[in-house]
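Participant: Protein chains in written order, with the numbering used here: chain S, 1 to 832; chain Y, 1001 to 1178. We put the beta carbon where it would ideally sit given N, CA and C, even for glycine. All values reported here derive from a predicted model rather than from experimental measurement. Here it is: the structure, laid out below.
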């Protein structure tokens, strides 16, 4: 049987190659996607800074209970632990040391570092290599990595939490812990007293490191610490768990890859499934004649089924053998690109593979064999006598189950569509995405019926445009409705999903930039990575010619449902001259004390009105009740929440303003005065706000690259699948075209007929796919921006329409033209 | 027999009956040799090498065994089909217009071959045909019209058969005129 199957495959090279191509490309895509996600899931950050501890007590995430469901979200600003906890931890039996760790940003001439108290050196540990430990407030020990040519005894300026001070270097230390990551910031150590004094959150600490007495470390001890931590509303991290405490680029990369899987996994899986199933189905249908002959020559239905299974099994096996290693290499390439573009650090390990490979092999085999069995079912069960009669005609019967599931999905999609028009805010976004997938799935399931109905409806149109050729084309479309299912499904998937996701990105980018540009009234922006103090703002406000200036710091808050909202914390004095948030109701003048202004998008999502109270958690997990004083339109350009700086004071990981926006009187040149202020604040720069919005656009385009790469791969795969199907179909039409020409249809008429068919088929696919994309785009864009007409870049139109025309040209019109060069009398003898 | 499942019917067909079709129905992917032993292979039996050799010799394809059907003439292809039908030693071979796609010369060869199977191996052959010449190779000829046997005669010769067929046509025309 195996030999027979292999022979049959070799004989039908065309469909075997087409199937192999669809399978292999699918395996490659699934494999690389899976590898990326698996690496993300497997990534386990190794503890570095806390390597020498047994347990660390910290507060890094928040667990919220909404509607009985628990959701855990990481705290955007990192939570703190009450300093008093240290004493309680010291009472735990077997604990030798409890180290209080506070971390502040420190900027040296040689670069950035984190500042800690001297006792934190034992956490890693750091070892003194030269000089002594700091003993006075103005002394500091430097990590060798930032020391440069500085030696103990030298005096150097250090910017601590935005304030510049001069310190005397007491000694140099070296990180003696395990392999410090290249992105791990170097540390500088002050006296414990000074470290606590400069820490902005008084009475609190970042973490408590617990070190057990030698030999006393035990599970019971860890349990004791955990119990104390839970009582205080914080968490204890032991062993490998400590790794998550150190924010590293590796950890962020791992999260990003997992996120990627959430966003694209469904799309990729759906596409590969439909393409593989469709192509195999078509290949089996093309082989009906062979199979019927075998039945006539006395093969039992079971034997035919087994033959098909073995054939498809062989092809799947081959595709796996080619696809899995290619997928692995493709992932190497993607990794290189991701590293090159700075999405993930070079140190991020790509691990695993066996699990992904097993899953991909299992999934591919299941889909392939399942599709083959379904496609073969009719041929298998047919009586040999009927089999020989039916071979030329395609049977029109289709699975009732498919029809039923298709209609149920469609009903669901329609329900979601109506729902999304009444919903508001983030709920509407989720519904819109659900609607998109449901619609695409419904179309793919109903594709045979859609093709048939479309052919019937298009009949008169094609006839009117192309005359008799159009009439023939309509008849062919009706007859080939089943074969062209893959073309419809692949194109609708591509245009529907691709169009939505791709153009959505464009719309969001454009909207953010447009809102920021339209609402930015300030002409100058002074910004600093280390934070600008109040004094800088005061100095700027005193410059003659300055109408208004305000400091801005970006942070996040957590809403009741665990969602994170972007916040701009400002000094509200003169805000109306600096930015125009497009206030819809309420007034920014009321932004005093525990008040908040929210974007209309967030107001809609949460049902907030001016005067309501919003229950939120600040970046460090502190609950806060904020009075809503205004609702504004430009949330995408400036952030969904605007609060005064007082609301977040003491709840952020570092202090100071990120930038100061300055509005000057027209015609006044304040650049020299601003430069003076900049000189007094190391690490700060002044830019034109127009450049600022330009950079925002660049940043957004940069992060969109990965999305667009994935979309591009998907679109390429779908186009390949459609091309595959159409070439397979076109090349089997030699006999049909020859008979047409024998009965007197001219070559030109045949060509016109093919053009009419293509226009009908591709037109319907584009129309349905485009409608789905438009529906999704309109509902999402309206929710996010309030605009009812989404923006589609001209190049987008060109590439969709041009791509489809090119596809038709390459995959049908050219092969048909080749068939037409064969004289009809020679063509008629050709077997299908 | 109508109680049997499709699988059982197939098993019955392939063990007791051989088929020869007008369109040959050979598997293009397989060589002549493989086509001939295919039914045996499908029924899971080991091909009786001497019998297959004998059959191949009798149809005169010994030097064509490794060719593909597409490399053979129509007559040769039909001979492969006959060899395939014989390979399972069926109790009866049914032929459906076996000469319909062949020229007269080749048709005569194929019919001669079928005749020799009957004479030399005692093989029962039932053949359906429109061709009086083809029918004249049979021991017994039945004329069917509209699903009914209208004549049953021991070999009457090609002319008698042609006459009977012609009368059949005339009778129909008379019916139409009436």
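1. Please determine, among S:621, S:195, S:778 and S:67, the residue with the shortest C-alpha to C-alpha distance to residue 80 of chain S.
2. Beta-carbon of residue 289 of chain S versus every beta-carbon of chain Y: anything under 7 Å?
3. Starting from residue 70 of chain S and walking both ways along the beta strand (DSSP E), at which residues does that stretch end?
4. In three-state terms, what does DSSP make of residue 520 of chain S?
5. For residue 1066 of chain Y, which residues in the same chain have their Cβ closer than 8 Å to its Cβ, ignoring the five residues on either side in sequence?
6. When Cβ atoms are compared, which residues of the stretch 287 to 321 of chain S fall closer than 8 Å to chain Y?
7. For residue 93 of chain S and residue 175 of chain S, what's the separation of their Cα atoms in angstroms?
8. Whole-angstrom Cβ separation of residue 114 of chain S and residue 105 of chain S, contact assumed at under 8 Å?
9. Taking C-alpha atoms, which residue in S:331, S:156 and S:402 lies nearest to residue 353 of chain S?
10. Nearest CA to the CA of residue 628 of chain S: which residue from S:198, S:657, S:816 and S:583?
11. Just to confirm, are residue 57 of chain S and residue 126 of chain S a CB contact at a threshold of 7 Å?
12. With distances taken from CA atoms, which of Y:1079, Y:1045, Y:1150 and Y:1073 is nearest residue 1056 of chain Y?
13. Kindly list the residues whose CB is nearer than 8 Å to the CB of residue 1017 of chain Y, restricted to its own chain and excluding five residues on each side of it in sequence; keep chain order.
14. Does residue 365 of chain S get closer than 7 Å to chain Y when you measure Cβ to Cβ?
15. Would you decide whether residue 290 of chain S is buried or exposed? Buried here means 16 or more other CB atoms lie within 10 Å of its CB.
16. Okay, do the stretch 317 to 328 of chain S and the stretch 748 to 768 of chain S touch, 3+ Cβ pairs below 8 Å being the bar?
17. Can you check whether the C-beta of residue 1014 of chain Y is within less than 7 Å of a C-beta belonging to chain S?
18. Does chain S have any CB closer than 7 Å to the CB of residue 1040 of chain Y?
19. Spatial neighbours of residue 749 of chain S within its chain, please: C-beta separation below 6 Å, excluding the five flanking residues on both sides.
20. Count the other CB atoms, across all protein chains shown, that sit within 10 Å of the CB of residue 1002 of chain Y; report buried if there are 16 or more and exposed otherwise.
21. Using the Cβ count rule (16 or more neighbours within 10 Å means buried), how would you classify residue 1070 of chain Y?
22. Distance check for residue 420 of chain S and residue 719 of chain S, CA to CA, integer angstroms please.
23. Are three or more beta carbon pairs between the stretch 232 to 251 of chain S and the stretch 46 to 56 of chain S nearer than 8 Å?
24. Please check if any C-beta of chain S sits within less than 7 Å of the C-beta of residue 1112 of chain Y.
25. May I ask you to list, following chain order, the residues of the stretch 722 to 735 of chain S that have a beta carbon less than 7 Å from some beta carbon of chain Y?
26. Could you tell me whether the stretch 245 to 264 of chain S touches the stretch 404 to 418 of chain S, where touching means 3 or more Cβ pairs closer than 8 Å?
27. Give the list of continuous alpha helix (DSSP H) stretches no shorter than 4 residues that lie fully inside the stretch 191 to 220 of chain S.
28. Report the start-end ranges of each alpha helix (DSSP H) in the stretch 53 to 132 of chain S that is 4 residues or longer and not cut off at the edges.
29. For residue 484 of chain S and chain Y, any beta-carbon pair shorter than 7 Å?
30. Confirm, please, whether the CB-CB distance from residue 521 of chain S to residue 663 of chain S is below 7 Å.
31. Enumerate in chain order the residues of its own chain whose CB-to-CB distance from residue 1059 of chain Y is below 7 Å, with the five nearest sequence positions on each side excluded.
32. Give me the Cβ distance between residue 580 of chain S and residue 551 of chain S, rounded to the nearest whole Å; I'm assuming they're in contact under 8 Å.
33. Could you compute how far the alpha carbon of residue 836 of chain S sits from the alpha carbon of residue 17 of chain S?
34. I'd like to know whether the C-beta of residue 1027 of chain Y is nearer than 7 Å to at least one C-beta of chain S.
35. Hey, is the stretch 733 to 752 of chain S in contact with the stretch 815 to 826 of chain S, meaning 3+ C-beta pairs nearer than 8 Å?
36. Touching or not, the stretch 273 to 285 of chain S and the stretch 65 to 83 of chain S, by the rule of three or more beta carbon pairs under 8 Å?
Facilitator: Reading it off the structure:
1. S:621
2. no
3. 69 to 74
4. strand
5. 1031, 1032 and 1033
6. 290, 293, 294, 295, 296, 297, 298, 299, 300, 301, 302 and 303
7. 29 Å
8. 7 Å
9. S:331
10. S:583
11. no
12. Y:1079
13. 1090, 1091, 1092, 1093 and 1094
14. no
15. buried
16. no
17. yes
18. no
19. 469
20. exposed
21. exposed
22. 30 Å
23. yes
24. no
25. none
26. no
27. 192 to 198
28. 85 to 90
29. no
30. yes
31. 1079, 1082, 1083 and 1113
32. About 18 Å; that fails the 8 Å criterion.
33. Nothing about residue 836 of chain S can be read from this structure; chain S reaches only from 1 to 832.
34. yes
35. yes
36. no
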